[in-house]
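In the working numbering, the protein residues as written are 1382 to 1832.
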């Protein structure tokens, strides 16, 4: 029989106390801090062994003896058993001791409020825009001004406010989408440049942020009339497509920390250990991502066909009836994607918070989160102004002095949502030629005037 030896090669000259069976959570408060500490501390080892063997109040073994045993070859099997016991029975305590902080810039409370608010605004605006496309709003009906509180008047005021503030909301959503895609791109590029790798928890947050930010503007754009300032918006959507493709490419090539540790001989960090042993299951998010990768290209292609200027070629081919329904697929995909992704990510984040404990900084508010939330205030303020003062006065208030908004007809459909400045006849003539809805309006007005 081989005599146990210490690290120095000298045999142990004392008998190790019997170690009880490790089959319950009784010793978790001692083993979890020990295993979560990457560099074994003398105090942690001594406290753990004294507590497990109930030798705290005894003279022997001393702290030096416990340390001698811990560094000897005879402790290998016991240390392995302690590690397995901690992972199996003490996972909650162990995960909390790792000190996982998360990423408040991606999933902090302020960002979650921003995601919920953006998704809610997109869906509310989409519903009212479709309602507004079918309602008849006379010039005076959009202004409450303290008059009229009937349900119909309230609905007209709400619809007018939505229609008037929708372009500003869409611009804010597109800008937010570009910023989120660029931020995800930077994170992947930084991980590749520093060779740190991307943990699954980080990857999930980045993918969610990048994908989710596309849904709200896509939904609003789907239900709106053909683009105003077409060239500018086409450039914006092309930029979104390019950034989304780059994000997908970098997400596919960005290595995991386990790969970088193996290649570069690095030690595991607590964050990486947490990701491997504690992180909440991300299977639902991956399933949603794969479904999005299949459905989204089709929806975006139809969105481009239905809403970009070249969509008018379909009218020459006498399939106008189908064009009015082309917005439905991207709208349905975007509407569903908002709530499916938001629900899955909220559940995933809640589970992460339960596992990580008080160290999770995703429970905190940050300065950047407040700034992200503040970007929606101008849109809401514009909505409120139009709601109380009417569509014409609300829109005219944002124009330079000397210009006013003139509705093209009494019924404010989405195709006539964009207003024109008084006296700009060339612009109106261009709109008549390019927009079938405005062309029909012009013809009807000419018929009434006898021109």
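In this text, a Cβ means the ideal position worked out from N, Cα and C, and glycines have one as well.
Can you list, in chain order, the residues of its chain with a C-beta nearer than 6 Å to that of residue 1477? Leave out the 5 residues immediately preceding and following it.
Cβ neighbours of residue 1477 beyond the five flanking positions: 1738.
Per DSSP, what kind of secondary structure is residue 1787 in: helix, strand or coil?
When DSSP states are grouped into helix, strand and coil, residue 1787 belongs to the strand group.
Taking C-beta to C-beta, are residue 1434 and residue 1474 nearer than 8 Å?
Not in contact: residue 1434 and residue 1474 (Cβ atoms no closer than 8 Å).
With distances taken between CB atoms, is the gap from residue 1871 to residue 1426 smaller than 8 Å?
For residue 1871 there is no data in the structure shown, the boundaries of the chain being 1382 and 1832.
Decide if residue 1469 is buried, meaning its Cβ has at least 16 other Cβ atoms within 10 Å, or exposed.
With fewer than 16 Cβ atoms within 10 Å of its Cβ, residue 1469 is classed as exposed.
Helix, strand or coil for residue 1576? Go by DSSP, reduced to three states.
Under the three-state reduction of DSSP, residue 1576 is assigned to coil, being neither helix nor strand.
Which residue wins for smallest C-alpha separation from residue 1759, given the options 1537, 1554, 1487?
Looking at the Cα atoms, 1554 is the closest of the given residues.
Quick check on the DSSP output: the alpha helix (DSSP H) that includes residue 1499 runs from which residue to which?
Start and end: 1490–1513.
Enumerate in chain order the residues of its own chain whose CB-to-CB distance from residue 1459 is below 8 Å, with the five nearest sequence positions on each side excluded.
Excluding the 5 residues flanking it on each side, residue 1459 has same chain C-beta neighbours closer than 8 Å at 1400, in chain order.
Given residue 1655 as reference, the closest of 1740, 1487, 1755, 1669 once Cα atoms are compared
The shortest C-alpha separation from residue 1655 is found at 1740.
Residue 1601 and residue 1506 - do their beta-carbons sit closer together than 8 Å?
Cβ distance < 8 Å, so residue 1506 and residue 1601 count as in contact.
Just how far apart, CA to CA, sit residue 1472 and residue 1559?
The alpha-carbon atoms of residue 1472 and residue 1559 are separated by roughly 39 Å.
Check each candidate in 1567, 1573, 1511 and name the one with the smallest Cα separation from residue 1543.
Residue 1543 has its Cα closest to that of 1511, out of 1567, 1573, 1511.
Let me know the alpha helix (DSSP H) ranges lying completely inside the region 1419–1483, each 4 residues or longer, listed in chain order.
Correct list: 1423–1434, 1444–1451, 1457–1470, 1472–1478.
DSSP-derived helix/strand/coil call for residue 1628:
Note: residue 1628 maps to helix in three-state DSSP.
Could you give the first and the last residue of the continuous alpha helix (DSSP H) run that contains residue 1651?
That run of the alpha helix (DSSP H) goes 1651–1658.
Which residue's Cα is closest to the Cα of residue 1464: 1719, 1575, 1416?
When each option's Cα is compared against that of residue 1464, the closest is 1416.
Stretch-stretch touch, CB-based, cutoff 8 Å, three pairs: the region 1625–1633 with the region 1563–1575:
Judged by pairs of C-beta atoms under 8 Å, the region 1625–1633 touches the region 1563–1575, as three or more such pairs exist.
Touch check for the region 1761–1781 and the region 1741–1753: three-plus C-beta pairs under 8 Å?
Not touching, per the Cβ criterion.
Suppose you measure from the CA of residue 1561 to the CA of residue 1767; what does that come to, to the nearest Å?
Per the coordinates, the alpha-carbon of residue 1561 lies some 29 Å from the alpha-carbon of residue 1767.
Measuring CB to CB, does residue 1776 end up less than 8 Å from residue 1545?
With contacts defined as CB atoms closer than 8 Å, residue 1776 and residue 1545 qualify as a contacting pair.
CA-CA distance, residue 1651 and residue 1573?
Straight-line Cα distance between these residues: approximately 20 Å.
Can you tell me whether DSSP reads residue 1610 as helix, strand or coil?
Note: residue 1610 maps to coil in three-state DSSP.
Determine the DSSP secondary structure at residue 1581, reduced to helix, strand or coil.
Helix at residue 1581.
Which residues mark the beginning and the end of the alpha helix (DSSP H) in which residue 1730 is found?
Residue 1730 -> alpha helix (DSSP H) spans 1709–1737.
Please say whether residue 1466 and residue 1422 have beta carbons closer to each other than 8 Å?
No, the pair does not count as a contact, with Cβ atoms beyond the cut-off.
Between 1604, 1660, 1414, 1457, which has its C-alpha nearest residue 1714's C-alpha?
Nearest of 1604, 1660, 1414, 1457 to residue 1714, Cα basis: 1604.
Just to confirm before moving on: does the CB-CB distance between residue 1580 and residue 1638 stay below 8 Å?
Taking 8 Å as the Cβ cut-off, residue 1580 and residue 1638 qualify as a contacting pair.
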